[in-house]
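As structure tokens, the structure follows; a few thoughts come after it.
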Amino acid sequence: MDTCFLQSLIVISIVYIVCNLAGGRNAYTKYIRSRRMVVRMLGFVSVFGIASWALFGLGRFQTSDWEHYLIYLVVLWLSLASFRLFVYWLVKRYRQNNRRMYHAVWVGNIKNHVGSFHELAGILFDGYRVCGYFADKPSEGCPSGCSWLGTPDSVIPYLKEHKDVCGLYYNLSPVCESEVLPIAHYCENHFIRFYGVPDIRKFISRRMCLSMKGAVPVLGFNKKPLRTLGNCMVKRAFDIFASLLFLCTLFPFIFAFVALVTWVTMPGPLFFRQKRTGLNGKEFMCLKFRSMKLNTDSDRRQAIKNDPRVTRWGHIMRKYNIDELPQFINVLLGEMSVVGPRPHMLKHTEEYAHSIEWYMVRHQVKPGITGWSQVMGFRGETKERFQIEGRVKGDIWYIEHWSLWLDLLIIYKTITNVFHGEENAY
């Protein structure tokens, strides 16, 4: 076997395994949506392709090699996505036809758990279909085919009579041990899976996860991928690579051009430096190309549409995000990341921290030059409450779903938006 081919095969295999392990959440999970599955596979193949190419060596690829390599990556993406979509469709079709579907029941109050109840009743991949519920009285809003089976006192007699029940969801509201323990014991001794549903969604709206601290079970908010050392190292390595690459190649030319136009059109300092809120609420000095006339209220007033403070050249820079490019220096210094929640002015942080639920959660990671909320349309002026709430929800979603290929997807969307010109960039 050719030595070069063998080396390439070993490199590709190692990179493939590393990309799988460093991918944040697994790209193949039984609850994932089909569209998201395809996007994740595209991100995975992109990262895998870039990493493999980098390890092979930048100068070894000839024109014909590039063509074959790109064809290989496209075929790999189509193959992986098609296979997983086929498995997804196969299992879903299998469940929809009621094949190998296990019956489950719900015990407890439904009024405060309508969302949970509908979600559990609608999950097909789990293999359990909620066919009824036990409560003090019938409740409205239940899915079709799910009926009231009686009071909690009649659970065990019902299970004895209906041997086809294989799962039980118990609403763990404040109850007496004498009510829940007999049912739990009966389930364990009769091969029925017992699941406790904590009664916390009425005052905590975010998803939670169960973990073990020694022998103690504890509930916490969704696992955040960037709390692990490995993922932090991957993200920081990418930030250093991307910032150095940009600052050493394109930035000197952009800097010279912007400096010349700024000197001609709006005399004054080239850079605008402003304190922003960063990681864990710490302040840092955020850099931008100055796009406004010199004024005294830039630390208090947000830029608005047709803002008289913004010059004509400043408007062009803002429309195409040129004014944000010096923040790659902040990235290199470790104060920011290429992708993350956008940093806000100190005044806005102080204001929103007391009025917007979970606002400070967005500061659990480094702020970014671009972010998930921005590519989804939440950028620019925040006149209405729903605008800042949507931005915060998007930031939290990003924090809880981070992966390297999600960052690459956001960068791709950002570049696409820049070339089209963004409506809310002013």
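Residues 1 to 426 in the UniProt record's numbering are what the sequence shown lists, from first letter to last.
Positions of the beta carbon are idealized from the N, C-alpha and C atoms, including for glycine.
Closest residue to residue i among the options (Cα-Cα distance)
i, options, result
"residue 109", "130, 134 and 223", "134"
"residue 261", "284, 314, 46 and 233", "314"
"residue 366", "282, 82 and 293", "282"
"residue 70", "196, 397, 45 and 403", "45"
"residue 162", "244, 195, 183 and 103", "103"
"residue 273", "294, 188 and 353", "294"
"residue 288", "220, 254 and 151", "254"
"residue 271", "279, 238, 40 and 291", "291"
"residue 191", "218, 208, 217 and 160", "160"
"residue 142", "84, 130 and 152", "130"
"residue 152", "218, 182 and 228", "182"
"residue 221", "92, 364 and 132", "364"
"residue 305", "379, 244 and 256", "379"
"residue 330", "92, 156, 244 and 383", "244"
"residue 179", "156, 189 and 348", "156"
According to DSSP, residues forming a beta bridge with residue i
i, result
"residue 198", "172"
"residue 167", "104 and 193"
"residue 211", "218"
"residue 132", "105 and 147"
"residue 368", "337"
"residue 345", "276"
"residue 48", "Beta-bridge pairing links residue 48 to no other residue."
"residue 271", "289"
CB of residue i within 8 Å of CB of residue j, strictly
i, j, result
"residue 106", "residue 169", "yes"
"residue 414", "residue 375", "yes"
"residue 373", "residue 394", "yes"
"residue 210", "residue 328", "no"
"residue 251", "residue 325", "yes"
"residue 368", "residue 337", "yes"
"residue 322", "residue 258", "yes"
"residue 356", "residue 388", "yes"
"residue 81", "residue 38", "yes"
"residue 285", "residue 275", "yes"
"residue 167", "residue 408", "no"
"residue 224", "residue 399", "yes"
Distance, residue j Cα to residue i Cα
i, j, result
"residue 25", "residue 401", "Confidence at residue 25 is low in this model, with a pLDDT of 45, below 50, so the placement of that residue should be treated as unreliable; the coordinate-derived value is given next. Cα-Cα distance, rounded: 7 Å."
"residue 404", "residue 86", "25 Å"
"residue 164", "residue 154", "16 Å"
"residue 334", "residue 370", "15 Å"
"residue 94", "residue 128", "13 Å"
"residue 264", "residue 78", "51 Å"
"residue 350", "residue 277", "10 Å"
"residue 318", "residue 198", "47 Å"
"residue 358", "residue 392", "8 Å"
"residue 194", "residue 344", "46 Å"
"residue 171", "residue 361", "28 Å"
"residue 40", "residue 150", "44 Å"
"residue 241", "residue 268", "32 Å"
"residue 235", "residue 67", "29 Å"
"residue 49", "residue 89", "27 Å"
"residue 219", "residue 308", "50 Å"
"residue 279", "residue 406", "20 Å"
"residue 352", "residue 397", "18 Å"
"residue 217", "residue 230", "25 Å"
"residue 185", "residue 136", "21 Å"
"residue 416", "residue 320", "11 Å"
"residue 249", "residue 420", "23 Å"
"residue 132", "residue 148", "6 Å"
"residue 418", "residue 92", "39 Å"
"residue 196", "residue 227", "27 Å"
"residue 140", "residue 187", "27 Å"
"residue 412", "residue 354", "34 Å"
"residue 51", "residue 238", "11 Å"
"residue 386", "residue 208", "24 Å"
"residue 348", "residue 232", "27 Å"
"residue 146", "residue 84", "31 Å"
"residue 346", "residue 75", "48 Å"
"residue 383", "residue 390", "12 Å"
3 or more residues per run - each beta strand (DSSP E) lying fully within the region 275–332: If we require 3 residues or more, the beta strand (DSSP E) runs fully inside the region 275–332 come out as 283–289.
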